[in-house]
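Going by the numbering used here, the first residue of the sequence shown is number -1, and it counts up by one from there. Here is the structure we will look at.
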Amino acid sequence: MLALLLPASHGGQAAEDATVHPSLWPERPPPTLRPETEAFVDGLLARMSLEEKVAQMIQADVGSLKAKDLLTYKLGAVLAGGGAAPSADVRANARAWLDLADTLYRAAMQPNGAAHDPIPILFGVDAVHGHAKIRGATIFPHNIGLGAAHDAELVERIGRATAEEVATTGIDWTFAPTVAVARDVRWGRSYESYSDDPALVAAYAEAMVRGLQGESSRGTFMAPGHTLSSVKHFVGDGGTFEGRDQGDNRAPESVLVRVHAAGYPAAIDAGALIVMASFSG
-1 MLALLLPASH GGQAAEDATV HPSLWPERPP PTLRPETEAF VDGLLARMSL EEKVAQMIQA
59 DVGSLKAKDL LTYKLGAVLA GGGAAPSADV RANARAWLDL ADTLYRAAMQ PNGAAHDPIP
119 ILFGVDAVHG HAKIRGATIF PHNIGLGAAH DAELVERIGR ATAEEVATTG IDWTFAPTVA
179 VARDVRWGRS YESYSDDPAL VAAYAEAMVR GLQGESSRGT FMAPGHTLSS VKHFVGDGGT
239 FEGRDQGDNR APESVLVRVH AAGYPAAIDA GALIVMASFS G
């Protein structure tokens, strides 16, 4: 992934500067694998068709599909994007969201003639400072405000509270934390950055992932009341040229590693299971 993403982040520099140096990038060991889980996954993949494997890589918006579509297309995931809501009601309460999640789950688990057992659907949402789609949910300050607090313990507690409210509505996955290190306030998403200090961003990334997903050492990792996290956006979205959203980060590779990638090793060490890639001009 580095080989694909990093050259695009050097726009405007001489060609000889576009070489990627893997030795500059921190490595993290893979998570501890459970042999029985790996055997189950290998057996499942062996029974899946190519079409089914492709479908498992697709995430569709709930605003543009019906539950029956999951039987037809066997999608791997759904999300509730901007404006999407149960029955298009943006003021829907928690019960309505839970009913939607249950309906989608039941559809995905219907026998569909495949050579393997049905695969549960994953449901994701942008609960980036609380479960903001839900009427009556707890809404927390956005990341820029939390950064000003300089309190990683508070961030972990916020992650825990957010996960509980998200899980209560039957949703498995939140697209947080954002670990962008904003270096130009002209960027329209600067408020999503915890800080321009990579050390603070790294500390908060670790704390938020622990809060959302739980911790293996405490026996809470992905236990009930926790959700998948999604660390984003890899890499350099907080340092784009002239603050242009989805733009081009022209920083030297050493700055990408030291500043803009600082949150990722910390989040992975905390157990992050998903990293969301960035757009680049």
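Backbone N, C-alpha and C fix where the C-beta goes; we use that ideal spot for every residue, glycine too. Fair warning: this is a prediction, and the values are worked out from it, not measured in the lab.
Quick check on Lys230: does DSSP put it in helix, strand or coil? Sequence index remark: in the sequence shown, residue 230 carries index 232 (1-based). Note: Lys230 maps to strand in three-state DSSP.
Distance, Leu73 Cα to Gln54 Cα: Looking up residue 54 in the sequence shown gives position 56. Looking up residue 73 in the sequence shown gives position 75. Roughly 5 Å separates the two Cα atoms.
Short of 8 Å in beta carbon distance, which residues of its chain neighbour Ala135, apart from the five on each side in sequence? Order them along the chain. Along the sequence shown, read from residue 1 onward, the residue named residue 135 stands at position 137. The residues are Ala92, Gly128, His129 and Glu163.
Asp243 in three-state terms, based on DSSP: Here residue 243 refers to the residue found at position 245 of the sequence shown. Reduced to three states, the DSSP call for Asp243 is coil.
I'd like the span of the alpha helix (DSSP H) that includes Met206, first residue to last. As a working note, residue 206 is residue 208 in the sequence shown. Start and end: Pro196 to Gln211.
What are the start and end residues of the alpha helix (DSSP H) that includes Ala75? As a first step, residue 75 is located in the sequence shown; it is residue number 77 there, counting from the start. It is not in any alpha helix (DSSP H) - Ala75 instead sits in the beta strand (DSSP E) that spans Ala75 to Ala78.
Would DSSP call Gln57 helix, strand or coil? Taking the first residue of the sequence shown as position 1, residue 57 is located at position 59. Here Gln57 sits in strand by DSSP.
Hey, is His19 close to the ligand SAM, as in C-beta under 7 Å from one of its heavy atoms? Of ligands this structure carries none, so the ligand SAM is not represented either.
Going by DSSP, what residue range makes up the alpha helix (DSSP H) through Ala165? On the sequence shown, position 167 is the one that residue 165 refers to. Run containing Ala165: Ala150 to Thr166, per the alpha helix (DSSP H) assignment.
Quick check on this structure: which residue in Ile56, Leu48 and His224 has the alpha carbon closest to the alpha carbon of Ala301? Nothing can be reported for residue 301, as the shown portion of the chain is limited to -1 through 279.
Which listed residue (Asn110, Glu49, Leu31 and Val153) has its alpha carbon closest to that of Val281: In the structure displayed, the chain extends from -1 to 279; residue 281 sits before or after that span and is not available.
Straight-line CA distance for Val123 to Ile132? In the sequence shown, the residue the question calls residue 123 occupies position 125. In the sequence shown, the residue the question calls residue 132 occupies position 134. Cα to Cα, the separation comes out at about 11 Å.
Rounded C-alpha distance that separates Arg187 from Ala146: Position 189 of the sequence shown, counted from the first residue, corresponds to residue 187. Position 148 of the sequence shown, counted from the first residue, corresponds to residue 146. Distance between the alpha carbons of Arg187 and Ala146: 16 Å.
Could you check if Arg32 is buried or exposed, using at least 16 other CB atoms within 10 Å of its CB as the buried criterion? On the sequence shown, position 34 is the one that residue 32 refers to. Exposed is the call here.
Taking DSSP as the reference, what is the three-state secondary structure of Ser85? Along the sequence shown, read from residue 1 onward, the residue named residue 85 stands at position 87. DSSP places Ser85 in helix when its eight states are reduced to three.
Rounded to the nearest angstrom, how far is the Cβ of Trp275 from that of Ala203, given a contact under 8 Å? Along the sequence shown, read from residue 1 onward, the residue named residue 275 stands at position 277. Along the sequence shown, read from residue 1 onward, the residue named residue 203 stands at position 205. A small correction: the amino acid at residue 275 is Ala; Trp does not occupy that position in the sequence shown. Not confirmed; about 16 Å, so no contact.
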